[in-house]
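Undergrad:
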Amino acid sequence: MNWRGAVTIYKAEMARTGRTLMQSVLAPVISTSLYFVVFGAAIGSRMESIDGVGYGAFIVPGLVMMMILMQSVSNAAIGIYFPKFNGTVYELLSAPISALEIVIGFVGAAATKSLILGALVMVTAAFFVPMEIQHPLAMIAFLVMTSVTFSLFGFIIGIWADNFEQLNIVPMLIVTPLTFLGGSFYSISVLPPFWQTVTLFNPVVYLISGFRWSFYGVSDVDIGISLAAIAGFFALCVVIVWRMFKTGYRLKT
Amino acid sequence: MTHETPSGAAEPAVLTIKGVSKTYAGGFTALKSVDLDIKKGEIFALLGPNGAGKTTLIGIVCGLVKATTGKVAVFGHDIDGDYRLTRSRIGLVPQEMSIDMFTKVADAVAYARGLFGKPSDPAWVEKVLRDLSLWDKRNEQLRTLSGGMKRRVMIAKALSHDPDILFLDEPTAGVDVELRQGMWQVVEKLRQRGKTIILTTHYIQEAEEMADRVGVIRQGEIVLVEETATLMAKLGRKQLTLQLAERLDAVPEALAVEGLTLSESGDALHFDYDTRADRTGITTLLANLNAAGVSVRDLETRQSSLEEIFVDLVGGAS
Ligand SMILES: Nc1ncnc2c1ncn2[C@@H]1O[C@H](COP(=O)(O)OP(=O)(O)OP(=O)(O)O)[C@@H](O)[C@H]1O
Ligand SMILES: [Mg+2]
Numbered sequence: 001m002n003w004r005g006a007v008t009i010y011k012a013e014m015a016r017t018g019r020t021l022m023q024s025v026l027a028p029v030i031s032t033s034l035y036f037v038v039f040g041a042a043i044g045s046r047m048e049s050i051d052g053v054g055y056g057a058f059i060v061p062g063l064v065m066m067m068i069l070m071q072s073v074s075n076a077a078i079g080i081y082f083p084k085f086n087g088t089v090y091e092l093l094s095a096p097i098s099a100l101e102i103v104i105g106f107v108g109a110a111a112t113k114s115l116i117l118g119a120l121v122m123v124t125a126a127f128f129v130p131m132e133i134q135h136p137l138a139m140i141a142f143l144v145m146t147s148v149t150f151s152l153f154g155f156i157i158g159i160w161a162d163n164f165e166q167l168n169i170v171p172m173l174i175v176t177p178l179t180f181l182g183g184s185f186y187s188i189s190v191l192p193p194f195w196q197t198v199t200l201f202n203p204v205v206y207l208i209s210g211f212r213w214s215f216y217g218v219s220d221v222d223i224g225i226s227l228a229a230i231a232g233f234f235a236l237c238v239v240i241v242w243r244m245f246k247t248g249y250r251l252k253t
Numbered sequence: 001m002t003h004e005t006p007s008g009a010a011e012p013a014v015l016t017i018k019g020v021s022k023t024y025a026g027g028f029t030a031l032k033s034v035d036l037d038i039k040k041g042e043i044f045a046l047l048g049p050n051g052a053g054k055t056t057l058i059g060i061v062c063g064l065v066k067a068t069t070g071k072v073a074v075f076g077h078d079i080d081g082d083y084r085l086t087r088s089r090i091g092l093v094p095q096e097m098s099i100d101m102f103t104k105v106a107d108a109v110a111y112a113r114g115l116f117g118k119p120s121d122p123a124w125v126e127k128v129l130r131d132l133s134l135w136d137k138r139n140e141q142l143r144t145l146s147g148g149m150k151r152r153v154m155i156a157k158a159l160s161h162d163p164d165i166l167f168l169d170e171p172t173a174g175v176d177v178e179l180r181q182g183m184w185q186v187v188e189k190l191r192q193r194g195k196t197i198i199l200t201t202h203y204i205q206e207a208e209e210m211a212d213r214v215g216v217i218r219q220g221e222i223v224l225v226e227e228t229a230t231l232m233a234k235l236g237r238k239q240l241t242l243q244l245a246e247r248l249d250a251v252p253e254a255l256a257v258e259g260l261t262l263s264e265s266g267d268a269l270h271f272d273y274d275t276r277a278d279r280t281g282i283t284t285l286l287a288n289l290n291a292a293g294v295s296v297r298d299l300e301t302r303q304s305s306l307e308e309i310f311v312d313l314v315g316g317a318s
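Sequence lines, in order, name chains A and B.
Just so we're aligned: 125 in the UniProt record's numbering is position 125 of the first sequence, and the numbers increase by one with no gaps anywhere.
Just so we're aligned: 143 in the UniProt record's numbering is position 143 of the second sequence, and the numbers increase by one with no gaps anywhere.
1) Check distances from the C-beta atoms of the segment 138–170 of chain A to those of chain B and list, in chain order, the residues that come in under 9 angstroms.
2) Taking only heavy atoms of ligand 2 into account, decide whether any of them is closer than 8 angstroms to the Cβ of threonine 55 of chain B.
3) Whole alpha helix (DSSP H) runs in the segment 177–201 of chain A with 4 or more residues, listed along the chain?
4) So, at 7 angstroms on beta carbons, what are the nonlocal neighbours of lysine 18 of chain B in its own chain, with the 5 sequence-adjacent residues on each side left out?
5) CB serine 94 of chain A to CB methionine 1 of chain A, shorter than 9 angstroms?
6) Hey, arginine 121 of chain A and proline 203 of chain A: beta-carbon distance below 9 angstroms or not?
7) Check the Cβ-Cβ distances between glycine 18 of chain A and every residue of chain B, and say whether any is below 9 angstroms.
8) Could you tell me whether the Cβ of tyrosine 249 of chain A comes closer than 9 angstroms to any Cβ of chain B?
9) Less than 9 angstroms separating the beta-carbons of arginine 4 of chain A and lysine 118 of chain B?
10) So the candidates are B:Lys66, B:Arg213 and B:Ile222; which of them puts its Cα closest to the Cα of arginine 230 of chain B?
11) In the DSSP assignment, the beta strand (DSSP E) including lysine 252 of chain A goes from what residue to what residue?
12) Run down chain B in chain order and give the residues with a C-beta less than 8 angstroms from the C-beta of leucine 21 of chain A.
13) Cβ of glutamate 91 of chain A less than 9 angstroms from any chain B Cβ?
14) Between the Cα of lysine 157 of chain B and those of B:Arg180, B:Lys137, B:Ala30 and B:Ile99, spot the shortest distance and give me the residue it belongs to.
15) Taking only beta carbons into account, state which residues of the segment 96–110 of chain B come closer than 7 angstroms to chain A, listed in chain order.
16) Mapping the DSSP letters down to three states, classify serine 45 of chain A as helix, strand or coil.
17) Assuming aspartate 51 of chain A contacts valine 218 of chain A under a Cβ cut-off of 8 angstroms, what Cβ separation, rounded to an integer in Å, is found between them?
18) I'd like to know whether the C-beta of lysine 157 of chain B is nearer than 9 angstroms to at least one C-beta of chain A.
19) Looking at proline 186 of chain A and ligand 1, is the gap between the Cβ and the nearest heavy atom below 8 angstroms?
20) Buried or exposed: asparagine 139 of chain B, going by 16 or more other Cβ atoms within 10 Å of its Cβ?
21) Can you pull the chain B residues whose beta carbon is under 8 angstroms from the beta carbon of serine 94 of chain A, in chain order?
22) Name the chain B residues that come within less than 8 angstroms of asparagine 86 of chain A, Cβ to Cβ?
23) Taking 9 angstroms as the threshold (beta carbon to beta carbon), is leucine 132 of chain B in contact with chain A?
24) With a threshold of 8 angstroms (Cβ to nearest heavy atom), would alanine 30 of chain B be considered close to ligand 1?
25) Among the residues of its own chain, which have a CB less than 8 angstroms from the CB of phenylalanine 102 of chain B, if the five just before and after it don't count?
26) With a threshold of 9 angstroms between beta carbons, is lysine 195 of chain B in contact with chain A?
27) What residue range is occupied by the uninterrupted alpha helix (DSSP H) comprising alanine 141 of chain A?
28) Return the Cβ separation of isoleucine 159 of chain A and methionine 244 of chain A in integer angstroms, given the expectation that the two are a contact with Cβ distance under 8 angstroms.
29) Answer with buried or exposed for phenylalanine 28 of chain B, where buried requires no fewer than 16 other C-beta atoms within 10 angstroms of its C-beta.
30) Determine the DSSP secondary structure at aspartate 298 of chain B, reduced to helix, strand or coil.
31) Is the segment 125–132 of chain B touching the segment 70–84 of chain B, taking contact as three or more C-beta pairs under 8 angstroms?
32) Confirm, please, whether the CB-CB distance from methionine 145 of chain A to alanine 231 of chain A is below 9 angstroms.
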């Protein structure tokens with residue numbers, strides 16, 4: 001194993017975040033704070049509590065998940081797209097480093113950033129709403145699995161993308177809608193039966209539901225199904241990345 | 001794959017390319033079954049016009065391009081099966097400017113070294129940067145450097161893990177005379193340390209200046225591999241053919257001179273000469289013919305086939 005190679009990529013990726021601190025840390029924290037002000041405090045005070053949880057507190061897990069999903073995908077995608085764009089991908093391809101080590105470096109860094117941001121959002125949330133975390137270990141497990149899986153997904157998008165438009169289109173057209181419709185701001189039990197069924201095809205529902213369970217012990221779907229869903233998506237991403245490197249897809253000519 | 005060295009000892013090739021071809025996704029065949037052996041410690045110039053396949057060939061050896069057919073071995077190890085071993089001994093300076101503009105010079109070099117799995121070694125990085133006159137710029141972001149400096153940073157990155165084989169893809173493109181000299185000094189120093197250097201160029205003068213051996217590549221085929229000295233001697237030779245009015249049985253004694261031969265049919269004389277020599281000997285030959293009373297019906301000169309190969313290369317050099 002070329003661990004040094006993987007760590008080198010990891011550190012360089014973390015340093016890149018440092019250079020764009022405003023964009024990568026401050027912006028997400030500010031935007032989630034706004035969600036709390038608007039949905040948590042302003043609108044939330046007029047909403048009934050859901051499953052015995054106040055509305056402001058109810059939306060915290062969903063917001064954290066939303067942030068982690070979007071940040072993981074876009075950070076990992078840019079991380080690998082950038083070397084393709086400026087040509088420095090030749091360094092990765094000509095170095096004695098395996099696909100696994102490259103993935104550990106890029107995906108590890110993107111997931112780390114997401115986790116830091118997730119923690120920041122939760123701390124921010126604690127200023128606005130009363131929070132409790134019933135199953136802290138499960139919560140951390142969900143955070144880590146989601147960050148890693150969606151960073152892997154972003155990595156795939158970064159390899160696939162040939163231009164900046166493609167780089168942005170998946171997060172914009174797929175990840176954002178799925179997160180908004182994934183029960184961040186409501187319990188799916190409030191939907192009409194037909195839409196409840198449709199919603200069950202949205203993988204993000206399982207993430208948010210499971211994550212919320214780790215906070216308040218209530219969930220829309222069974223926690224076991226949530227775990228299976230994230231594990232399944234993780235496995236799918238691993239297989240795709242493995243195939244991409246095996247065939248040199250969009251990396252080698 | 002061995003070569004006979006002057007001492008007679010068999011020396012293994014550091015790089016062996018066998019039957020390598022490349023057809024790109026669009027269907028274009030950039031390399032057609034290339035065979036090439038590179039010896040340890042030599043400076044080898046891959047000489048060829050635009051689109052000949054030089055970068056493609058280097059890309060295959062370095063892992064950027066997948067060969068369609070063929071085998072490549074570095075120090076006897078297959079580049080696919082033993083990629084960690086082969087790549088750790090190769091340094092690549094690509095033709096295109098490929099750098100992260102926002103990194104600092106020293107960080108860029110340290111990053112390249114780290115990718116190769118080598119522990120950080122500030123003393124080595126300092127040496128590399130000093131050799132390339134980049135030490136003063138070590139804390140500058142790459143975007144603030146001039147084009148020539150950026151190219152040198154790419155060389156520094158390639159040397160960061162102290163490779164045994166260095167590929168320089170068109171190292172002198174966009175580089176001024178002084179920098180070119182500096183670059184050759186770096187290359188010479190590397191050679192003295194036993195490193196092998198493979199460079200590409202469009203110019204035969206550059207190959208002559210630097211390389212021990214030259215491989216000429218054209219339209220995806222290696223058309224010739226030769227010691228530079230031998231090549232330069234062959235180059236510039238022309239043949240003068242004199243059609244005689246009357247058949248001769250032998251070259252008259254009065255005309256006998258090196259390079260002059262009688263055709264089989266006896267109705268023409270061939271004279272091989274060096275266009276770059278101070279005296280080609282043509283004037284003397286014609287005067288002697290006149291004195292010997294041999295009358296000439298017609299005459300023509302022809303370039304050697306080797307010369308023809310080089311017309312496009314040398315033509316582009318001026
Ligand atoms: N990615 C690619 N896809 C399709 N064709 C390619 C690709 N890269 C190179 N080619 C083609 O392969 C041929 C050889 O290209 P290559 O870059 O190896 O030439 P070269 O000898 O390095 O030329 P130059 O001196 O201009 O750098 C060219 O005709 C080029 O158009
Ligand atoms: Mg080229």
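A virtual CB, placed ideally from N, CA and C, is assigned to each residue, including glycine.
TA: So, from the listed chains and residues:
1) If the cut-off is 9 angstroms between Cβ atoms, the segment 138–170 of chain A has nothing near chain B.
2) Look at threonine 55 of chain B: its beta carbon is less than 8 angstroms from one of the heavy atoms in ligand 2.
3) Counting whole runs of 4 or more residues, the segment 177–201 of chain A contains the alpha helix (DSSP H) stretches 193–199.
4) The beta carbon of lysine 18 of chain B sits closer than 7 angstroms to those of Asp35, Gly70 and Lys71, all from its chain and outside the five residues before and after it, given in chain order.
5) No, the pair does not count as a contact, with Cβ atoms beyond the cut-off.
6) Arginine is not the amino acid found at residue 121 of chain A; the sequence shown has valine there. At the C-beta level, valine 121 of chain A and proline 203 of chain A stay beyond 9 angstroms of one another.
7) False, the Cβ-Cβ gap to chain B never drops below 9 angstroms.
8) At a cut-off of 9 angstroms between C-beta atoms, tyrosine 249 of chain A does not count as an interface residue with respect to chain B.
9) Result yes, Cβ atoms of arginine 4 of chain A and lysine 118 of chain B sit closer than 9 angstroms.
10) It should be pointed out that residue 230 of chain B corresponds to threonine in this sequence rather than to arginine. For threonine 230 of chain B, the nearest C-alpha among the options comes from B:Arg213.
11) Here lysine 252 of chain A belongs to no beta strand (DSSP E), and DSSP marks it neither H nor E.
12) Counting only Cβ-Cβ distances below 8 angstroms, leucine 21 of chain A has no contacts in chain B at all, with the closest Cβ about 13 angstroms away.
13) Yes, its Cβ sits closer than 9 angstroms to a Cβ of chain B.
14) In terms of CA proximity to lysine 157 of chain B, B:Ile99 leads the group B:Arg180, B:Lys137, B:Ala30 and B:Ile99.
15) Considering only beta carbons, the part of the segment 96–110 of chain B lying closer than 7 angstroms to chain A consists of Glu96, Ser98, Ile99, Asp100 and Phe102, in chain order.
16) Of the three classes helix, strand and coil, the one that applies to serine 45 of chain A here is helix, per DSSP.
17) So it is a contact: roughly 4 angstroms between Cβ atoms.
18) At a cut-off of 9 angstroms between beta carbons, lysine 157 of chain B contacts chain A.
19) Checking the sequence shown, residue 186 of chain A turns out to be tyrosine, not proline. In this structure, tyrosine 186 of chain A has its beta carbon at no less than 8 angstroms from each heavy atom of ligand 1.
20) Exposed.
21) For serine 94 of chain A, the chain B residues whose C-beta falls within less than 8 angstroms of its own C-beta are Cys62, Gly63, Leu64, Arg87, Ile90 and Leu92, listed in chain order.
22) Ordered by position in chain B, the residues that pass the 8 angstroms Cβ test against asparagine 86 of chain A are Ser98, Ile99, Asp100 and Met101.
23) No, no contact with chain A.
24) Result yes, Cβ under 8 angstroms from ligand 1.
25) Same-chain partners within the cutoff: Gln141, Leu142 and Arg143.
26) Taking Cβ atoms only, chain A never reaches closer than 9 angstroms to lysine 195 of chain B, which makes this a no.
27) In this chain, the alpha helix (DSSP H) harbouring alanine 141 of chain A covers 136–160.
28) Right, the Cβ-Cβ distance comes to about 6 angstroms (below 8 angstroms), so this counts as a contact.
29) Exposed, since its Cβ has fewer than 16 Cβ neighbours within 10 Å.
30) It is a strand residue.
31) Contact fails: fewer than three Cβ-Cβ distances are below 8 angstroms.
32) Going by C-beta atoms, alanine 231 of chain A is nearer than 9 angstroms to methionine 145 of chain A.
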